[in-house]
Each structure stands twice: as C-alpha cells, then as structure tokens.
Amino acid sequence: MAAATATADSVSSQAYLEGNAVKETRILISELCRHFYSLGWVSGTGGSITIKVHDDSISKPHQLILMSPSGVQKERMEPEDMYVLSHTGSVLSAPSPKPYPHKPPKCSDCGPLFMKAYEMCDAGAVIHSHGIESCLVTMLNPLAKEFKITHMEMIKGIKGHGYYDELVIPIIENTAYEYELTESLAKAIEAYPKTTAVLVRNHGIYIWGDSWISAKTQAECYHYLFDAAIKLHQLGLDWSTPNHGPIKSLRSLMIAGESNASDKTRKASGEIDPFPRCIVLDIEGTTTPISFVTEVLFPYARQNVGRHLSVTYDTPDTEADIKLLCSQVQSDLKQGIAGAVPIPSDGACKRAVIDALVTNVEAMIKADRKITALKELQGHMWRTGYENNELKGIVFDDVPEALEKWHTLGIKVYIYSSGSRLAQRLIFGHTNHGDLRKYLSGFFDTTVGNKRETRSYVEISESLGVDKPSDILFVTDVYQEATAAKAAGLEVIISVRPGNAPLPENHGFKMISSFSEI
1 MAAATATADS
11 VSSQAYLEGN
21 AVKETRILIS
31 ELCRHFYSLG
41 WVSGTGGSIT
51 IKVHDDSISK
61 PHQLILMSPS
71 GVQKERMEPE
81 DMYVLSHTGS
91 VLSAPSPKPY
101 PHKPPKCSDC
111 GPLFMKAYEM
121 CDAGAVIHSH
131 GIESCLVTML
141 NPLAKEFKIT
151 HMEMIKGIKG
161 HGYYDELVIP
171 IIENTAYEYE
181 LTESLAKAIE
191 AYPKTTAVLV
201 RNHGIYIWGD
211 SWISAKTQAE
221 CYHYLFDAAI
231 KLHQLGLDWS
241 TPNHGPIKSL
251 RSLMIAGESN
261 ASDKTRKASG
271 EIDPFPRCIV
281 LDIEGTTTPI
291 SFVTEVLFPY
301 ARQNVGRHLS
311 VTYDTPDTEA
321 DIKLLCSQVQ
331 SDLKQGIAGA
341 VPIPSDGACK
351 RAVIDALVTN
361 VEAMIKADRK
371 ITALKELQGH
381 MWRTGYENNE
391 LKGIVFDDVP
401 EALEKWHTLG
411 IKVYIYSSGS
421 RLAQRLIFGH
431 TNHGDLRKYL
441 SGFFDTTVGN
451 KRETRSYVEI
461 SESLGVDKPS
471 DILFVTDVYQ
481 EATAAKAAGL
491 EVIISVRPGN
501 APLPENHGFK
511 MISSFSEI
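Letter 149 of the sequence shown, counting from 1, is numbered 149 in UniProt numbering, and no numbers are missing.
If you want it as structure tokens, here you go:
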C-alpha cells in the first residue's frame, strides 16, 4: 500500500504534470474531439471525453485523469484547455481563462458520471456523445428501458459480444442537469454488469472502454447500430429479432405513420389486429413468482389465522368469512375430505369455534384448495398484513413496463386468479414496483367459476363485452387453464417462469418467459 501511495503522490508533481505522458493525452483528446465533432457527436459544445494517462509504472486505479472542459467549442479545443484530475477526481491542473467571447473555464459537467464509470467499470476512457442516432433510438419506444439489437456484424465490435448475441443497452431517463444522472447511471451499470454503454433518453449516450481505442471503437459501432436500427424501423423491419422481419408492434406501426383511417381500413379488410382488445393475466407463476405465494402469503395466513379470527371475530367481514367456512366444512365432511373437522354449533364458546376453524383452514392451505371460503378469509388476513407493512407484493421486473405499455396503447388488462379479488388488489396495490392498479381494469376470481373449466372463460368473455372471444388474450402458467381458455375461443399464451411446474410435451401453446415478448 505504501508503494502505491508514493506512486500516486508522484504523479501529482509539477514535473509529472508537464511530462510527455500528460502532454500526449492532452493532444489526443483535442484531436479526438475534432474528429467527434465531424461525426456530429459533440456539436453545439455538447458531449465530452475523458481519458486516463496511461503509464505502465502506475497502477490503473491511480493513473491521472484528463477531461475536456464544459461549454466550449469542442472542435477548437487546444491541448492546454484540458483539465487534469487525480484518481480521486480532485483538480490538479486547470486551463487559463481566455478573453471574450470565451466563457470562463469549467470542468466537464459530465465529471461525476465519468468518475462513476472509472470507479465501477475500471475504464481507461469514457466518451459522452450527443450523436443524433443515440438520441433517436431512445424515442422509437418511449416506454422501453432497454435498446436491443441482434444479428448485426458490428455487434462484434462491442466488448464481450458476437454476431449471434443480443446486445442490450440500458436506457435511463434524462434530467435537467447532467450531474443529476449520476445515480441512475450507477444503477444501470449495477443492473447490467456486461454493458459498456448507457443511453440517456432524448439526450445521448455514455460509452467506456479499457482504453481510448476500445472506447472509440465501441462508440463507432454503437452509433452504426443505432443508425441501422433507425433505418430498419423506417422500413418497417424489426432490428431486435434475428431475421429482422416486419415489425409486429402496434406502437411501432403507429410511429411509422399508420393513421387511424388506414387502421380502420385494415380492420375492415379482415386483417388481424396485432394486439388484442383485452388481456387477462393469471398471477401465480405469471405476474408473480410461485415462491411468493407458497413461501410468503400462505405461511403468513397459516401463522396468523388464529390471531386474525380472535381479533376480528365480531366484525362483519369475519362473520361472513366464518359463515362461508362453516358451509364449506359441512360439505367437506359429507364428502370425506381429509383434514376437515366439525365446527362447534353457535352455542359453543368462541375459543372452541376458533380452534376448529384454524384446524380446517390449515388443512385447506396445506392442500392448496382453490375454494372461495378460504380465499375470502386469506384476502382479509393479507389486507391486515399489507396495511401493517408486514407484506409487500412481488411481481416480475418485466411486468410494470408491460402494464404501462398496454395501458398507453389502450389495451384493457384484467386479472383472473384463484385468490379473492381483494387479495388480487392488495398484491398489485403494494408491489415492489409501487401501486400498479392504475393499469388494471378489473379483477376476476373463482366466483366466475373454476379456472380449469371452459365455462369460466365464456363468462369472462361475456362480462368484457368483446365482439368475439379471440379478442381476449389469456396468459397463464397452467396447462389445464390454457386448454379451458382455448376451448372458450380465447387466444392463449403460456408463461414459463422460474419455479413453474413442467408442461406436457407437444402442448401446442406459444410460450414466453417475459411479458416483453408479447
């Protein structure tokens, strides 16, 4: 450590600051900025570049950092206009002021973001481009949090990628001031450890590499790929798929210029609408991990049923729940259902009734029974858990973006789950991504029928008032539910998520692992 510190101190000496390594890096940055200006990356004083002073005798984390100044004509910069910073970001050398009309010198506004790339990615150089291509690709889909492209030769120029790979670049939202982007940039780097770039919507891109050559090479490849995506989009072709076939997204068709009038003509000619009028989603294994239900919700209900019944025994909700449970238990006893025990009559003491109810409810939960009596009680127990911040709903990360997209496109989304409607509203009202109920048009539970019965989906179709059942897309992880929905005429997709049960071979349904594939 002592040797590293001595080395770090030596590079801040005046002699080193005036040495060849620093001088050459100053000249390099001014030359690159002139080149980037000719490409349209740093026009209007926008954009910036930073490079570490390469010196084999100094460990990379302790190498000096050079940055271009902010608010200057990048194509007219001279080597002496650069800022020299220590490896911690403190200014060691600043340019001298120039006469009017030049502004007083100021280090790049991108400084905090550059330092974050150095710190988190061990970069040797970082480029910030305002190239129009990097701006436009973030506008093709205003809801997208990523830019994706595949099967393009220039992908091979991006570190860690080949021709067949899917290149994914995170997109963060723009802010009024550059430094305010620092936190979102850091989160994007953390969430996408393989990335060497982050797009800023309606703004530009940050690109880094092990050296200035790596950063420059990748920047050229990124801009090429952005330009290709824009041109493919103009041709109505999808840059994110291997065959680059016709775009199937309704939003993309609208962006490409399809008017409402031509949309009506298309429908009148009998063509299939690329999006359904309604989407009906299952919860467990589709929007939410099965483990959340089995390892969080069910244990919570099982552990708290006695307490809940004792505290709320005389409330209208619990009185109704007990009535439903008593009726269900009577039916279970007649059918010889395992785990069912008699519930004392009305004259019995409160404790005896609660103990019997707890025994029955625990057996129902263990058997994962899809019955209204159990689901209503669970919903009321979970409501207490959410209100007391003992529970938080979990949805897969792709769910919020998809719900927002469908909502923007005017597609109504409904939930159909064996859980009560109250339980459904609670999950989506208290998720790890906030309150998502604003994107949902309604909730169906087993009061419309068993999820494995065709009649249930006929009932839903009639309730939604669609022209034909195929106007509804149903997404579930359960093969039997998919079969029942298909028999009712609905379009069906099976959700394949971690922890879901295996599916029969040759089941014939389209499968997805993310809502982004719909």
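Glycine included, every Cβ here is placed at the ideal spot set by N, Cα and C. Since we're looking at a predicted model, the values are computed, not measured.
Tell me, please, which residues DSSP counts as bridged to residue 444.
DSSP output for residue 444 lists 416 as bridge partner(s).
Where do the ends of the alpha helix (DSSP H) carrying residue 365 lie?
Per DSSP, residue 365 belongs to the alpha helix (DSSP H) from 350 to 366.
Taking its Cβ as the centre, do 16 or more other Cβ atoms sit within 10 Å of residue 425, making it buried, or is it exposed?
Buried is the call here.
Enumerate in chain order the residues of its own chain whose CB-to-CB distance from residue 519 is below 8 Å, with the five nearest sequence positions on each side excluded.
The requested residue 519 does not occur in the structure, where the chain is confined to residues 1 to 518.
Does the beta-carbon of residue 262 have 16 or more other beta-carbons within 10 angstroms, so that it is buried, or is it exposed?
Caution applies to residue 262, whose pLDDT of 41 falls short of 50 and renders its modelled position unreliable; the model cannot decide the point.
Could you have a look at residue 212 and say whether DSSP puts it in helix, strand or coil?
Note: residue 212 maps to helix in three-state DSSP.
Which residues in the same chain as residue 36 place their Cβ atom closer than 6 Å to its Cβ, once the five residues preceding and following it in sequence are excluded?
Excluding residues within five positions, the ones whose Cβ falls inside 6 Å are 42.
For the region 432 to 439 against the region 468 to 481, are there 3 or more C-beta pairs whose distance is under 8 Å?
They do not touch, by the three-pair rule.
Mind checking which residues open and close the alpha helix (DSSP H) that includes residue 188?
Residue 188 -> alpha helix (DSSP H) spans 182 to 191.
Are the CB atoms of residue 161 and residue 155 within a distance shorter than 8 Å?
Yes; because the gap between Cβ atoms is below 8 Å, this pair is in contact.
Should residue 131 go down as buried or exposed, given a rule of 16 or more other Cβ atoms within 10 Å for buried?
Result: buried.
Quick check on this structure: which residue in 278, 200, 159 has the alpha carbon closest to the alpha carbon of residue 138?
Residue 138 has its Cα closest to that of 200, out of 278, 200, 159.
How big is the Cα-Cα spacing for residue 98 and residue 18?
The alpha-carbon atoms of residue 98 and residue 18 are separated by roughly 21 Å.
Taking DSSP as the reference, what is the three-state secondary structure of residue 313?
Residue state, collapsed to three classes: coil.
Mark residue 213 as exposed unless 16 or more other C-beta atoms lie within 10 angstroms of its C-beta, in which case mark it buried.
Residue 213 is exposed by the Cβ-count criterion.
Using C-beta distances below 8 Å, list every residue in its chain close to residue 211, excluding the 5 sequence neighbours before and after it, in chain order.
Excluding residues within five positions, the ones whose Cβ falls inside 8 Å are 54, 124, 125.
Between which two residues does the alpha helix (DSSP H) holding residue 399 run?
Residues 398 to 408.
Examine the Cβ distances between the region 381 to 394 and the region 504 to 514 and report whether three or more of them are shorter than 8 Å.
Result no; under three Cβ-Cβ pairs closer than 8 Å.
In chain order, what residues of the same chain lie with their CB nearer than 7 Å to the CB of residue 350, ignoring the 5 residues before and after it?
Cβ within range, chain order: 313.
Assess contact between the region 398 to 415 and the region 333 to 351, defined as three or more Cβ pairs (one per stretch) separated by less than 8 Å. Is contact present?
No, the region 398 to 415 is not in contact with the region 333 to 351.
Between which two residues does the alpha helix (DSSP H) carrying residue 35 extend?
First-last of the alpha helix (DSSP H) with residue 35: 20 to 39.
Would you check if there are 3 or more beta carbon pairs closer than 8 Å linking the region 358 to 368 to the region 396 to 405?
Counting Cβ pairs under 8 Å, fewer than three are found: no touch.
Is residue 294 closer than 8 Å to residue 375 when the C-beta atoms are compared?
Contact: no.
Tell me which residues share the same chain as residue 127 and place their Cβ nearer than 6 Å to its Cβ, disregarding the 5 neighbours each side in the sequence.
For residue 127, where only same-chain residues beyond five positions count, the Cβ hits under 6 Å are 49, 207, 215, 219.
Are the beta-carbon atoms belonging to residue 45 and residue 73 less than 8 Å from one another?
Yes.
Might you give, ordered along the chain, the residues of its own chain that have their beta carbon closer than 8 Å to the beta carbon of residue 370, omitting 5 neighbours on each side?
Correct list, in chain order: 418, 446, 450, 451.
Enumerate in chain order the residues of its own chain whose CB-to-CB distance from residue 322 is below 7 Å, with the five nearest sequence positions on each side excluded.
These residues qualify, in order along the chain: 357.
Can you tell me where the beta strand (DSSP E) with residue 486 in it begins and where it stops?
Segment 479 to 487 is the alpha helix (DSSP H) holding residue 486; no beta strand (DSSP E) there.
Quick one: give me the first and last residue of the beta strand (DSSP E) that residue 66 is part of.
Taken as a continuous stretch (DSSP letters only), the beta strand (DSSP E) holding residue 66 covers 65 to 67.
By the 10 Å Cβ neighbour count, where 16 or more other Cβ atoms means buried, how is residue 311 classified, buried or exposed?
That one is exposed.
Kindly list the residues whose CB is nearer than 7 Å to the CB of residue 221, restricted to its own chain and excluding five residues on each side of it in sequence; keep chain order.
154, 157, 158, listed in sequence order.
From this set, 164, 309, 32, which residue's C-alpha is nearest residue 77's C-alpha?
Answer by Cα proximity: 32.
What residue from 71, 401, 441, 195 has the CA that sits closest to residue 277's CA?
Cα-wise, what sits closest to residue 277 is 441.
Whose CA, out of 391, 365, 189, lies closest to the CA of residue 595?
Outside the shown range of the chain, which is 1 to 518, sits residue 595, and nothing can be said about it.
Suppose you measure from the CA of residue 93 to the CA of residue 191; what does that come to, to the nearest Å?
Taking the straight line from one Cα to the other gives about 35 Å.
Can you tell me whether residue 456 is buried or exposed, with buried defined as 16 or more other CB within 10 angstroms of its CB?
When all chains shown are included, residue 456 counts as buried.
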